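S.K.: Protein chains in written order, with this note's numbering: chain A, 20 to 165; chain B, 138 to 266.
Please find one structure pasted underneath; my questions will follow.
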């Protein structure tokens, strides 16, 4: 069966997420990050940040609300029961601090078949309120038996 | 740092409720991570760790080279292979692949009980003074 590739190039609506001290601290605690710049505003200011700063991988928190509709889109048509998150890449720009408004735009970059598996590659770009890029993500989901 | 140098190992044993806390922190409530019974019904040994949580540990290990400075990690790519489970130690280790000025590229692996749960991870870190 040929893999459906109609969604390649499709973009989904941008979603804006407001970073807060509480969410940054909650995330930092969950992954065990210990640097006080994630928890204490004074420590963050002393280190040269505008406010409490997020660990780099906090990008999954502010990207998720934008990525959900892309991944779930019936036009993409992934078979979720046979899907795994195969690989992930992030490239970071400006740091994200509490109070920042981060806008993420998802796009379907590629859909292809290899060794009987379907590879669905999404890209996301996230910018802050000053339009500076904070992260670029490449999300690859693999579906068995396409 | 020079090519071939090892980064300090990061060892973490996620407790039984870690997947629930990570679900709350990240917003990913997929039941395979937080519901034992559901996970077993779909053929898993039990609830499994979020792949992106393990990627978070890999990021932490690499940021550790710059004393945890969140600006230091410039790029990280990983492949998720195998499943991580709670209540078993995870070891993140890495080897310097190349050095270009204050930028180093590190090959990183996360392993749990002899199973490489993240492999072919490549991190680019900018070292401060």
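The beta carbon of each residue, even a glycine, is placed where N, CA and C say it ideally should be.
Fair warning: this is a prediction, and the values are worked out from it, not measured in the lab.
Mind checking whether residue 49 (chain A) and residue 159 (chain B) have CB atoms under 8 Å apart?
M.R.: Position 30 of the first chain, counting from 1, holds the residue named residue 49 (chain A). Position 22 of the second chain, counting from 1, holds the residue named residue 159 (chain B). Between residue 49 (chain A) and residue 159 (chain B), the gap from beta carbon to beta carbon is short of 8 Å.
S.K.: Could you give the C-beta distance for residue 97 (chain A) and residue 162 (chain A), rounded to a whole number, given that I count them as a contact under 8 Å?
M.R.: Along the first chain, one-based indexing puts residue 97 (chain A) at 78. Along the first chain, one-based indexing puts residue 162 (chain A) at 143. About 6 Å; that satisfies the 8 Å criterion.
S.K.: Let me know the alpha helix (DSSP H) ranges lying completely inside the stretch 167 to 211 of chain B, each 4 residues or longer, listed in chain order.
M.R.: 168 to 171, 173 to 178, 188 to 200
S.K.: Along the chain, where does the beta strand (DSSP E) that runs through residue 157 (chain B) open and close?
M.R.: Here the question's residue 157 (chain B) lines up with position 20 in the second chain. Note, residue 157 (chain B): premise wrong, no beta strand (DSSP E); alpha helix (DSSP H) at 155 to 163.
S.K.: Determine the contact status of residue 156 (chain A) and residue 109 (chain A), defining contact as a CB-CB distance below 8 Å.
M.R.: Taking the first residue of the first chain as position 1, residue 156 (chain A) is located at position 137. Taking the first residue of the first chain as position 1, residue 109 (chain A) is located at position 90. In contact: residue 156 (chain A) and residue 109 (chain A) (Cβ atoms closer than 8 Å).
S.K.: Using a Cβ cut-off of 8 Å (strictly closer), state whether residue 107 (chain A) contacts chain B.
M.R.: Counted from its first residue, the first chain places residue 107 (chain A) at position 88. Yes, contact with chain B.
S.K.: Do you know offhand how far residue 30 (chain A)'s Cα is from residue 85 (chain A)'s?
M.R.: The residue you call residue 30 (chain A) lines up with position 11 of the first chain. The residue you call residue 85 (chain A) lines up with position 66 of the first chain. Looking at the two C-alpha atoms, the distance is approximately 11 Å.
S.K.: Rounded to whole angstroms, what's the CA-CA distance from residue 148 (chain B) to residue 228 (chain B)? Just pull it up for me.
M.R.: Here residue 148 (chain B) is taken as the residue at index 11 of the second chain, counted from 1. Here residue 228 (chain B) is taken as the residue at index 91 of the second chain, counted from 1. If you take the alpha carbons of residue 148 (chain B) and residue 228 (chain B), they lie about 5 Å apart.
S.K.: Is there a Cβ from chain B that is less than 8 Å from the Cβ of residue 54 (chain A)?
M.R.: As a first step, residue 54 (chain A) is located in the first chain; it is residue number 35 there, counting from the start. Contact with chain B is found for residue 54 (chain A), since one of that chain's Cβ atoms lies less than 8 Å from the residue's Cβ.
S.K.: For residue 271 (chain B), does the count of other Cβ atoms within 10 angstroms reach 16, so buried, or fall short, so exposed?
M.R.: Chain B is shown from 138 up to 266; residue 271 (chain B) falls before or after that span and cannot be answered.
S.K.: Under 8 Å between the Cβ atoms of residue 246 (chain B) and residue 209 (chain B)?
M.R.: Position 109 of the second chain holds residue 246 (chain B). Position 72 of the second chain holds residue 209 (chain B). No, these two residues do not count as a Cβ contact at 8 Å.
S.K.: For the candidate residues A:105, A:83, A:139, A:63, whose alpha-carbon lies nearest to that of residue 95 (chain A)?
M.R.: Reading the first chain from its first residue, position 76 is the one you call residue 95 (chain A). When each option's Cα is compared against that of residue 95 (chain A), the closest is A:139.
S.K.: Return the CA-CA distance between residue 214 (chain B) and residue 22 (chain A), expressed in angstroms with no decimal places.
M.R.: Mapped onto the second chain, residue 214 (chain B) falls at position 77. Mapped onto the first chain, residue 22 (chain A) falls at position 3. A straight-line Cα-Cα distance of about 26 Å links residue 214 (chain B) and residue 22 (chain A).
S.K.: Hey, does residue 121 (chain A) have any beta-carbon neighbour from chain B nearer than 8 Å?
M.R.: Residue mapping note: residue 121 (chain A) aligns to position 102 of the first chain, counting from 1. No, because no Cβ of chain B sits closer than 8 Å to the Cβ of residue 121 (chain A).
S.K.: Using 10 angstroms around the beta-carbon of residue 154 (chain B), count the other beta-carbons present and answer buried if the total reaches 16, otherwise exposed.
M.R.: Locating residue 154 (chain B) in the second chain gives position 17, counting from the first residue. Looking at its Cβ environment, which holds fewer than 16 other Cβ atoms inside 10 Å, residue 154 (chain B) is exposed.
S.K.: Cβ-heavy atom distance between residue 113 (chain A) and the ligand MG below 7 Å?
M.R.: Questions concerning the ligand MG fall outside what the structure shown contains, since it holds no ligand whatsoever.
S.K.: Comparing the C-beta of residue 163 (chain B) with each C-beta of chain A, is any distance below 8 Å?
M.R.: By one-based count along the second chain, residue 163 (chain B) stands at place 26. Interface residue, yes.
S.K.: With distances taken Cα to Cα, identify the nearest neighbour of residue 170 (chain B) among B:180, B:250, B:157.
M.R.: Here residue 170 (chain B) refers to the residue found at position 33 of the second chain. Residue B:157 is the option with its Cα nearest to residue 170 (chain B).
S.K.: May I ask you to list, following chain order, the residues of the stretch 196 to 218 of chain B that have a beta carbon less than 8 Å from some beta carbon of chain A?
M.R.: Residues of the stretch 196 to 218 of chain B with a C-beta less than 8 Å from any C-beta of chain A: 196, 197, 200, 204, 205, 206, 207, 208, 210, 211, 212, 213, 214, 215, 216, 217, listed in chain order.
S.K.: Tell me which same chain residues have a C-beta within less than 6 Å of the C-beta of residue 78 (chain A), skipping the five on either side of it?
M.R.: The residue you call residue 78 (chain A) lines up with position 59 of the first chain. Hits under 6 Å: 109, 154.
S.K.: Name, please, each residue of chain A whose Cβ falls closer than 8 Å to the Cβ of residue 138 (chain B).
M.R.: Counting from 1 along the second chain, the entry for residue 138 (chain B) is found at position 1. Simply none; closest approach about 19 Å.
S.K.: Can you tell me which of the three DSSP states residue 42 (chain A) falls into?
M.R.: Taking the first residue of the first chain as position 1, residue 42 (chain A) is located at position 23. Looking at residue 42 (chain A) - three-state DSSP - the assignment turns out to be helix.
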